[in-house]
Each structure stands twice: as C-alpha cells, then as structure tokens.
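Student:
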Amino acid sequence: MSFPWARQYEPTNGLTKFLDEKLPLPRLVYNAVGAGYPVPRNLSYFWNFGVLAGFFLMVQIVTGVVLAMHYAANAQVAFATTEHIMRDVNWGWMMRYAHANGASFFFIVVYLHIFRGLFYSSYKAPREMIWLLGVVIFLLMMATAFMGYVLPWGQMSFWGAKVITGLFGAIPLVGEPIQVWLLGGFAPDNAALNRFFSLHFLLPFVIAGVVILHIWALHIPGSSNPTGVEVKSESDTVPFHPYYTAKDGFGLGIALLAYFALVFFLPNALGHPDNYIEANPLSTPAHIVPEWYFWPFYAILRAFTVDFFFIPAKLMGVLAMFSSILLWFFLPWLDKSPVRSGHYRPLFRKFFWFGLIPTMIVLFICGGAPAEEPYVMLSQLATAYYFLHFLVILPIISSVEKPEPLPYSITEAVLGSDKKMVKGEQTSPAV
Amino acid sequence: MADTTATATPETVTTSEDGIRRRDFLDIAAISAAGIGGLAVVYPLVSQMAPSKDVLAASSTEVDVSAIEPGQAIKAVFRKQPLFVRRLTPAEIQAANAVPASSLRDPQTLEERTKEGHTDMLVTMGVCTHLGCVPLGAAEGEVKGEFGGYFCPCHGSHYDTAGRIRKGPAPSNLEVPEYEFTSDTVIQVG
Chain Z
428 MSFPWARQYE PTNGLTKFLD EKLPLPRLVY NAVGAGYPVP RNLSYFWNFG VLAGFFLMVQ
488 IVTGVVLAMH YAANAQVAFA TTEHIMRDVN WGWMMRYAHA NGASFFFIVV YLHIFRGLFY
548 SSYKAPREMI WLLGVVIFLL MMATAFMGYV LPWGQMSFWG AKVITGLFGA IPLVGEPIQV
608 WLLGGFAPDN AALNRFFSLH FLLPFVIAGV VILHIWALHI PGSSNPTGVE VKSESDTVPF
668 HPYYTAKDGF GLGIALLAYF ALVFFLPNAL GHPDNYIEAN PLSTPAHIVP EWYFWPFYAI
728 LRAFTVDFFF IPAKLMGVLA MFSSILLWFF LPWLDKSPVR SGHYRPLFRK FFWFGLIPTM
788 IVLFICGGAP AEEPYVMLSQ LATAYYFLHF LVILPIISSV EKPEPLPYSI TEAVLGSDKK
848 MVKGEQTSPA V
Chain R
32 MADTTATATP ETVTTSEDGI RRRDFLDIAA ISAAGIGGLA VVYPLVSQMA PSKDVLAASS
92 TEVDVSAIEP GQAIKAVFRK QPLFVRRLTP AEIQAANAVP ASSLRDPQTL EERTKEGHTD
152 MLVTMGVCTH LGCVPLGAAE GEVKGEFGGY FCPCHGSHYD TAGRIRKGPA PSNLEVPEYE
212 FTSDTVIQVG
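Quick look at the structure:
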C-alpha cells in the first residue's frame, strides 16, 4: 500500500532505469523497506522483532544448508555425522551451535513478536490477515523445529519423535495406523529420520514464502503503532529508511550480542545433555522434555490426567494442545473492542499482565518440570485460565470495558496536543 | 544556535565548514563494523567446504614395496585415488634413458622422477593428466601402450616406462606425488 504522500522511487542512472522498466526489483525494495514505505513515527522497540524474526530465518537457512552438506540422514550414521560436524568439519561446531541456538533465538524473537501483537491487538481489523498468516508461520516453525531436533539422532531426538508422533496415536480408531504411517514403521527409524530430514529442509522455504505473504499483507494497511490510532496525515509517519532501518539495525546489534554470547560461551545451555547419547530404542531417558520453546504447550498436553466423560485423557490433552494454538486463528473475532492498544484498555491490561502473562510463565515452568505434583495441578489451573482468557474473558472485556480517551492522532500522542507542532514547522520549543 | 532550530532533526544536524557532519563518522564506523562482521561470517562459511580434519588425517599412505619384482607394478590408494608403484626392469630403465628429455612434451628425465638410489622404483599417481581416468598397464596383462608404460583407454594417451606423456591428448607426465623412503622397502606417500 501506500499513503498518498509516500515518496516515489526515481531511477537515477542507466542501470536502475533499465531494471525499473524490465524488472522493478529496486522499486519493490524501495517501497517495501525503503524510503517509499511511510511508517508511524512512534514505533517502540517492540516493533523490531518482525525484522529480527526474518533475520533469524535467514540465519537458520544459511547454517542449515551448510549442516546438510556434512550430515547424513541415516540411522546408522546420523549421530556419527553430527559428531563429525562438531569435531572434523572446519567451523562445523560453530555452524551447529549457531543453528541450534539460532532456533532458540528465532522462537525468542517470534514470541516477543506475538507478545507485541497480543498487547497492542495487532490482529484487529484491518490487519486480520497478517495475524492469520503469522499463526501459520508459527505452526510451520513448530513442525520444522520438532523435526530438526530429531536429526542428531540422540536420545532426546528419538524419544521426542516417538512421543510427538504418539500424539496422533490418540486419535480414535485411525490414530495408530496414522502414527505408523507418519513414522514409516512401528518406532522411529531410518524411514522416519529420512522423511524428517527432507521436510526439515523443505519447510523453512515454505516459511519464507508465507513470510512474503505476511509482509505483503502488512503493506496494505501499513504498520500498526503503540497508540493503536491509525495514521491520519503525513505528519504521523516517517519513511522506513533511514528511520527504521537504523532503529532495526540497532536492535539487531543487541540481538546479535545476546545470540553470540550464547553461541560462543553457553552453546549447550538451552539444549539437553541426553541428546549427546546416541538414540537407543530400548531405554527411555528418565526425564524427557521437549525443547524449551515447546514447554507451555507440552504443559497443556500433560495437564489432562483423567478421562473427560467419554473422551480419554490422552485424546483430551492432544486436542487441548492443538486448540491452544488454533484458537489464535479466531482471536480477531473474539476480541471485539474497537480500541487496539492495551495502553488505553484498563480492564484488558489487568487481565493481560496479571492473568495471561503469569499463566504463560507457569505453563512454561510446568512444561519443563517432571510430571509430578505440584506441577500437574499448577498446569491444570494455568490451562484452565488460558482457555478461559481467550474464549470467555476477552469477549466479555471487549463489551463491558470503558476505554481511556485516545489521542486524536499519532502526532498528538508524540508531541502533545499543540496542533502547530507538525513536521516541517520548526517553531516548537526544544524537546 | 538560533532558537528556531533548537530541535535537532536529521535535516538540521550541525555541518562544519568543510561539509563534514559529525554523523558521517558514525555512518562510516557503523558501516565498517558491519562490513568487517560480514567478512568474519563469510570466512567460516567458505572454509567449512574445505576438506575436513578426518579427510586430512587420511592424507598420507604407507606402501611396502619389497614384494614388487622387476617388471611388476602394484596399485595402492593415496587420497582416495590410485597410486602406481612400479619396479622397472633394466631394459625399461634403458628405454626411458634412451630418449632425450628435451624432445618430450613435458621434459623430465627418469632420474628426476625417482629417488636417488632407487631409480628402478617409479611411484606415480594412477590418474591420467588429461581428464583423470585410470590408465592401464599396472596390472598383469593390461595394455601398456606404444611406449611400454601406461595407456589411458579414455582418450588414448600413451605414457612411457618413466610415466611420461609421449602421445595423445594428456598435457603432462603422470604426477609423481611427494613421497620418501622411510626404510629400504617402505615408502610414505604424502
């Protein structure tokens, strides 16, 4: 999209004029992330995480392609080739640590991106499609990360594959045949490992495709902003370049510091030591947990311990885990409040900070803890609140809440209500 | 500064008389740091495709040459490629020495291609210098070509008893790898 005041791309030399006629790629970039994309002037650092997520997707693709050059997806040698990468391949240790921790950072920035979307209700009209595509990306990420974790063929890889494909075994009647079909056997083995590798290589490119749709959908209404008030005039926006390329660049620098601190100094901090033991189909590790980024959903899965009328507990857990994410697809229509930003929604804000966020933290802790008390009870309470929050509390809030007064415009929110203080006029006192 | 320009937007940053802005330093420093960082990323990405440590560890081979009779050759493996070790007969040595080196495509004498005191022991790669096929002539009964050495069946290169190219498309003599006699009967290649 473009606001009418968006700067127009002007090819300056022979080459760019040629390109602009034949394949206007520079124009596309200019209008997407260049000076031709007007962005609200008041974006906070919470608006950095989209660019960061794109960056870590690229990190994962580059390091992943490198690892695939040295890895062999065969149950006989998969573990050995992983060790070969760590010990023999030039910089192989760095590539693998960058990939493993890159996955963690991809999830960290995506969770912060989702957090931003939830607090500022970025999913509301006219941005529903951006949100829906984002949920699709998140689901694809989870599938990709799960299959990637199987590839080193350590103990956690093997038992993770067994447990997660076992989820499908919970489906009544057809569950077990589906599980056998997914694995190409009765337990994870060569067939499963090979197809997981194939899909693990494919899915990141599918993600990249959906990311392009996500950005395309974003550029139709333009970026949201911390006030939730839509752009009204030119003074509400600044060009993406150089303002947000610089701001995103600074955020990227901070993210890279944290990332490389982990890659170089704590490379296994987020991993599990059991995965350095080769897969053994005859012995389950004493404490089996997924990667940290799945913990909240793993807690929901394990929260169901008794049969629910005619539905067995196992199936209930699986249904709850999948629906805990699938319900995000309905979020734009569950939260009907016309006000977007949590800053102007007193009731929403209370339930968000004191309800949803503590719930997610409890689910996170319980998902990583052994399946014993008090964690089981805590995850049951948290799971109950989780569904209550999205399915009951949010719709009720949106009808009973009295929002705080919104600023007239983004410019007013930034500079105060003095109407003279618009961009281009230099009469303002020192800020 | 005049109080009308007190708010420093990027359009109003101070510019010194020679047109250099203070921000230019930041721009150059940031772009340079990003450039150096980029290069630091490219280096391992390129290096990872080079032979890994286990491949390099298997890069030297020991061959026991004591059992090779004059006129016989054996094939060994050096860096996953065939290695020909051949004990020349006096007649073959004579044939090799009878040709003036200057008349050859790749002028080398037999002496230059063997070790001192072991001029009857010809160690070459079994890789044709044309396009990399394995020449015939090492095993019993194989065609040795017009010059009694090796013959490459792919495109018809003939090598003489010193492994030198004499006829056909190959540009140079069969490569003599780096090797040394660790004892009278054992050579270490690579």
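The listed protein sequences derive, respectively, from chains Z and R.
Note that the first sequence ends on residue 858 in our numbering; no numbers are left out.
Note that the second sequence ends on residue 221 in our numbering; no numbers are left out.
Think of the CB as a built atom: it goes at the ideal place given N, C-alpha and C, for glycine as much as any other residue.
Check this for me: beta carbons of residue 651 (chain Z) and residue 549 (chain Z), under 8 Å apart or not?
Tutor: yes
Student: Rounding to the nearest angstrom, what Cα-Cα distance links residue 472 (chain Z) and residue 607 (chain Z) in this structure?
Tutor: The straight-line gap from Cα to Cα measures roughly 46 Å.
Student: Please classify residue 123 (chain R) as buried or exposed, where buried requires at least 16 other C-beta atoms within 10 Å of its C-beta.
Tutor: That one is buried.
Student: Would you check if there are 3 or more beta carbon pairs closer than 8 Å linking the stretch 816-830 of chain Z to the stretch 778-789 of chain Z?
Tutor: yes
Student: Relative to the C-alpha of residue 763 (chain Z), which residue among Z:656, Z:825, Z:664 and Z:769 is closest?
Tutor: Z:825
Student: Which residue's Cα is closest to the Cα of residue 174 (chain R): R:162, R:189, R:163 and R:161?
Tutor: R:189
Student: Can you list the beta strand (DSSP E) stretches of 3 or more residues lying completely in the stretch 141-165 of chain R, in chain order?
Tutor: Runs of the beta strand (DSSP E) lying entirely within the stretch 141-165 of chain R, each at least 3 residues long, are 152-156 in chain order.
Student: From this set, Z:493, Z:560, Z:486 and Z:517, which residue's C-alpha is nearest residue 529 (chain Z)'s C-alpha?
Tutor: Z:486
Student: Would you check if the distance between the CB atom of residue 465 (chain Z) and the CB atom of residue 432 (chain Z) is smaller than 8 Å?
Tutor: yes
Student: Measure the alpha-carbon distance for residue 849 (chain Z) versus residue 757 (chain Z) and round it to whole angstroms.
Tutor: Unreliable positioning characterises residue 849 (chain Z) in this predicted model, as indicated by a pLDDT of 48, which lies under 50. The coordinate reading is nonetheless provided below. Those two C-alpha atoms are separated by around 39 Å.
Student: Between the stretch 47-76 of chain R and chain Z, which residues of the former have a C-beta closer than 7 Å to a C-beta of the latter?
Tutor: 75 and 76
Student: Using alpha carbons as the reference points, say which of Z:669, Z:838, Z:709 and Z:683 lies closest to residue 69 (chain R).
Tutor: The option with the nearest alpha carbon to residue 69 (chain R) is Z:683.
Student: Mapping the DSSP letters down to three states, classify residue 79 (chain R) as helix, strand or coil.
Tutor: coil
Student: Please classify residue 711 (chain Z): is it buried, with 16 or more other beta-carbons within 10 angstroms of its beta-carbon, or exposed?
Tutor: exposed
Student: Which residues mark the beginning and the end of the beta strand (DSSP E) in which residue 473 (chain Z) is found?
Tutor: First-last for residue 473 (chain Z): undefined, no H or E at that position.
Student: By the DSSP assignment, the beta strand (DSSP E) with residue 196 (chain R) in it spans what residues?
Tutor: 196-198
Student: Between residue 536 (chain Z) and chain R, is the shortest Cβ-Cβ distance under 8 Å, so that the two count as touching?
Tutor: It does not: the Cβ of residue 536 (chain Z) has no partner Cβ on chain R nearer than 8 Å.
Student: Any C-beta of chain R within less than 9 Å: which residues of the stretch 503-515 of chain Z qualify?
Tutor: 511, 512, 514 and 515
Student: Under 8 Å Cβ to Cβ from residue 630 (chain Z), same chain only, skipping five residues before and after it: list those, please.
Tutor: 567, 570, 571 and 574
Student: Output needed in chain order: residues of the stretch 89-101 of chain R with a Cβ under 8 Å from some Cβ in chain Z.
Tutor: Of all residues in the stretch 89-101 of chain R, none comes within less than 8 Å of chain Z when Cβ atoms are compared.
Student: Please work out which residues of its chain come closer than 6 Å, Cβ to Cβ, to residue 810 (chain Z), disregarding the five sequence neighbours upstream and downstream, and give them in chain order.
Tutor: Take residue 810 (chain Z), set aside five residues on each side of it, and the residues of its chain with a beta-carbon closer than 6 Å to its own are 727 and 730, in chain order.
Student: So what does DSSP say about residue 825 (chain Z), is it helix, strand or coil?
Tutor: helix
Student: In chain R, which residues lie less than 8 Å from residue 485 (chain Z) when you measure between Cβ atoms?
Tutor: Here the premise fails: no neighbours, minimum Cβ distance about 11 Å.
Student: Out of Z:755, Z:804, Z:790 and Z:774, which has the shortest C-alpha to C-alpha gap to residue 544 (chain Z)?
Tutor: Z:755
Student: Which residues in chain R sit within 8 Å of residue 496 (chain Z), going by Cβ to Cβ distance?
Tutor: By Cβ distance, chain R contributes 79 and 80.
Student: So is residue 85 (chain R) in contact with chain Z if we call contact Cβ pairs under 8 Å?
Tutor: Using beta-carbon distances, residue 85 (chain R) counts as an interface residue toward chain Z, with a partner under 8 Å.
Student: If you reduce the DSSP assignment to three classes, tell me which class residue 220 (chain R) lands in.
Tutor: strand
Student: For residue 50 (chain R), which beta-bridge partners are listed by DSSP?
Tutor: Looking at the DSSP assignment, residue 50 (chain R) forms no beta bridge with any residue, so it has no partner.
Student: Can you pull the chain R neighbours of residue 519 (chain Z), defined as C-beta to C-beta under 7 Å?
Tutor: 79
Student: Confirm, please, whether the CB-CB distance from residue 167 (chain R) to residue 193 (chain R) is below 8 Å.
Tutor: no
Student: Return the CA-CA distance between residue 109 (chain R) and residue 558 (chain Z), expressed in angstroms with no decimal places.
Tutor: 59 Å
Student: According to DSSP, is residue 732 (chain Z) part of a helix, a strand, or is it coil?
Tutor: coil
Student: Taking Cβ positions only, does residue 859 (chain Z) come closer than 8 Å to chain R?
Tutor: This structure cannot speak to residue 859 (chain Z), because chain Z is shown only from 428 to 858.
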